[in-house]
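> I'd like to ask some things about the structure below.
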Amino acid sequence: MTMLMAVPRGGRGRRALPLLRGRAGTPRPDGGDDQHKVHRNDWVRSRPATLVRSGLQRALLSPLMRAELRISVHGAEKLDAIGGPAVLVANHSSHLDAPVILEALGARRRRRVAIAAAADYFFDVWWRAAPSGLVIGTFPLERRGGRGPNTSAQLLHDGWSLVIFAEGGRSYTGEMRPFKKGAAYLALDAGVPVVPMALRGTYEAMPPRRNWPAKGRPHVTVTFGDPLHGLPGERAADFTPRIQDAVAKLLADS
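Sequential numbering of the sequence shown, starting at 144, is according to the numbering used here.
See the structure below:
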């Protein structure tokens, strides 16, 4: 299947993608002793599961999103010029965010996209892990940090683009919170671009503690920004504010 975006591996002076794995005993910046959880859930990225997921998204998820929401998408065509894996970073204030992003990407672009989901919530029991993995394409990310192989980097190496909510969890006020460094670290180490995204309206449509969108097909806007690339010698601590500022600007302009 066609990958979402492509850049030269190990580009911009960074290490080549095959080297992207956490060292034993080294805390991972993106959080995560997720090895056993991801290996247990690897079937969701197999070809049969990917075909099933595409069918479920077309037959169930997309019609549901269109029935419950009015979704406007701006700038998605910017992804087409990149051609291989990337890290997509968005603000996060609702459980609607992931399915709305998938709907905004469209069937072709979302085929090899994995969405980071909190391991302690979505992957603590099988009846949340299996549906979210099969339908949404999620992978577990430890929010409390940990040690072990870097599964996020391995997904990038395998040609999957990642959606990461860099705030580390949903905003309970609708206001964007400071970004954590994991997404920037992954992009810099892999030599892949970061695509900033702004989600507006999902908080009003389904805020935390609500389990279904509000009536009246609330309007939601998804805006894709220009890809950001790490600068030579740039560290995650410096790249992260640039990513956060890009998302904030998209929010202000949307």
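Ideal Cβ positions, reconstructed from N, Cα and C, are used throughout, including at glycine.
Can you tell me which residues form a DSSP beta bridge with Ala259?
DSSP lists Phe282 as partners of Ala259.
> If you draw a straight line from the C-alpha of Glu347 to the C-alpha of Arg209, how long is it?
The alpha-carbon atoms of Glu347 and Arg209 are separated by roughly 17 Å.
> Excluding the 5 residues preceding and the 5 following Ile386 in the sequence, name in chain order all residues of the same chain whose CB lies nearer than 8 Å to its CB.
Counting only Cβ-Cβ distances below 8 Å, and skipping sequence neighbours, we find Val232, Ala309, Phe322, Ala326, Ala327, Val337, Pro339 and Leu371.
> Can you list, in chain order, the residues of its chain with a C-beta nearer than 6 Å to that of Arg320? Leave out the 5 residues immediately preceding and following it.
Around Arg320: Glu310 and Ser314.
> Relative to the C-alpha of Gly344, which candidate in Leu203, Leu394 and Ala224 has its C-alpha closest?
Residue Leu394 is the option with its Cα nearest to Gly344.
> Put Ala159 into one of helix, strand or coil per three-state DSSP.
A caution first: Ala159 carries a pLDDT of 33, below 50, which makes its placement in the model unreliable, though a value can still be read off. Note: Ala159 maps to coil in three-state DSSP.
> Among Asp332, Glu246 and His300, which one has its Cα closest to the Cα of Gly227?
Checking every option, the nearest Cα to that of Gly227 belongs to His300.
> Evaluate Pro375 with the Cβ neighbour count: other Cβ atoms within 10 Å of its Cβ, from every protein chain shown; 16 or more gives buried, anything less gives exposed.
Looking at its Cβ environment, which holds fewer than 16 other Cβ atoms inside 10 Å, Pro375 is exposed.
> Between His217, Asn234, His235 and Ala259, which has its C-alpha nearest Gly249's C-alpha?
Looking at the Cα atoms, His217 is the closest of the given residues.
> Where does the unbroken alpha helix (DSSP H) through Met208 begin, and where does it stop?
Ser205 to Glu211 is the extent of the alpha helix (DSSP H) around Met208.
> I'd like to check one pair, Ile258 with Thr294: are the Cβ atoms closer than 8 Å?
Result no, Cβ atoms of Thr294 and Ile258 do not sit closer than 8 Å.
> In the structure shown, what three-state DSSP assignment does Arg353 receive?
Note: Arg353 maps to coil in three-state DSSP.
> Straight-line CA distance for Asp388 to Asn234?
Asp388 and Asn234: Cα-Cα distance of roughly 11 Å.
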